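Q:
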Amino acid sequence: MAIQNAARGNRVAYAETAFGDSALNDLKDLIARNTAWANKIKKQQPNFFSQLAEEQRPEYLWIGCSDSRVSTERILDLQPGEMFVHRNIANLVVHDDLSCTSVVQYAVEVLKVRHIIVCGHYGCGGVAAALNEQPLGLIDNWLRHIGDVARLHTDELSRLQGQPKVDRLCELNVIEQMNNLCASPSVLSAWESGSPLTIHGLIYQLDQGVLRQLTPSVSSLSERNT
Ligand SMILES: [Zn+2]
Numbered sequence: 523m524a525i526q527n528a529a530r531g532n533r534v535a536y537a538e539t540a541f542g543d544s545a546l547n548d549l550k551d552l553i554a555r556n557t558a559w560a561n562k563i564k565k566q567q568p569n570f571f572s573q574l575a576e577e578q579r580p581e582y583l584w585i586g587c588s589d590s591r592v593s594t595e596r597i598l599d600l601q602p603g604e605m606f607v608h609r610n611i612a613n614l615v616v617h618d619d620l621s622c623t624s625v626v627q628y629a630v631e632v633l634k635v636r637h638i639i640v641c642g643h644y645g646c647g648g649v650a651a652a653l654n655e656q657p658l659g660l661i662d663n664w665l666r667h668i669g670d671v672a673r674l675h676t677d678e679l680s681r682l683q684g685q686p687k688v689d690r691l692c693e694l695n696v697i698e699q700m701n702n703l704c705a706s707p708s709v710l711s712a713w714e715s716g717s718p719l720t721i722h723g724l725i726y727q728l729d730q731g732v733l734r735q736l737t738p739s740v741s742s743l744s745e746r747n748t
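Counting the sequence shown from 1 gives a position; my numbering is that position plus 522.
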């Protein structure tokens, strides 16, 4: 215990040296917010965390953008345990992205979620950057996937300019990521085995705080092909 305390002390000392008082105060503020939040929940539901610690049984998998303004549980008014979440820049479902495909497999095969939601948002910085030809470094490799979506819809997008063009690509991107999801081995095998699983596509309007369904949901291979 003494060794653990000494190690903890060393870590705090290192944090103070490396990041300064300001960073430490920011962290203290976050920890204080967490403590207040946990105490509030425990007061309302004394067994909430102990029950949650035993297992998770979410019905939904959410694939959304990393954008800080699209905070999954917050905008859906959900509690911890209700949503399995994967977020990346511009809510992409890329077949050789081991992180996303592993999340989908675990959600479908182990957690047995009944719904997968792909959610984009208007004004997505990742989508806007993909339309802008300026090189940004490493992230260009990721943004190229959105460029591929834009190429699939060149005719429609060529008639638009500025923000309407970005926002339409945000919508088309959600639909194409739904298509990618519908072609993923985990989803196909769930459908083939008769497991109930529906893929949804939503878009979030930042300046209104509201979600809208973009296209009909898909619950089977035959619906995917229509
Ligand atoms: Zn975004």
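All C-beta atoms, glycine included, are put in the ideal place defined by N, C-alpha and C. Source: prediction; values computed, not measured.
(1) Taking DSSP as the reference, what is the three-state secondary structure of Gly648?
(2) Quick one: what does DSSP say Val709 is sitting in, helix, strand or coil?
(3) For Ile668, report the span of its alpha helix (DSSP H) as first-last.
(4) In the DSSP assignment, find the alpha helix (DSSP H) that holds Ser621 and state where it starts and stops.
(5) Ignore the nearest five residues each way along the sequence and tell me which others in Asp662's own chain have a CB closer than 7 angstroms to its CB.
(6) Taking the runs of the alpha helix (DSSP H) that are 4 residues or longer, which of them lie wholly in the segment 715-743?
(7) By Cβ distance, which residues of its chain are closer than 6 angstroms to Ala524, with the 5 residues on each side in sequence left out?
(8) Helix, strand or coil for Gly603, going by three-state DSSP, please let me know.
(9) With respect to the alpha helix (DSSP H) encompassing Ile597, which residues constitute its N-terminal and C-terminal limits?
A: Walking through what the data contain:
(1) In the structure shown, Gly648 adopts helical secondary structure according to DSSP, grouped into three states.
(2) It is helical.
(3) 661-674
(4) 620-627
(5) none
(6) Fully enclosed alpha helix (DSSP H) runs of 4 or longer: not present.
(7) Legend: pLDDT at Ala524 = 45, less than 50; position of this residue unreliable, value from coordinates given subsequently. Cβ neighbours of Ala524 beyond the five flanking positions: none.
(8) Three-state DSSP puts Gly603 in coil, outside helix and strand.
(9) 594-598
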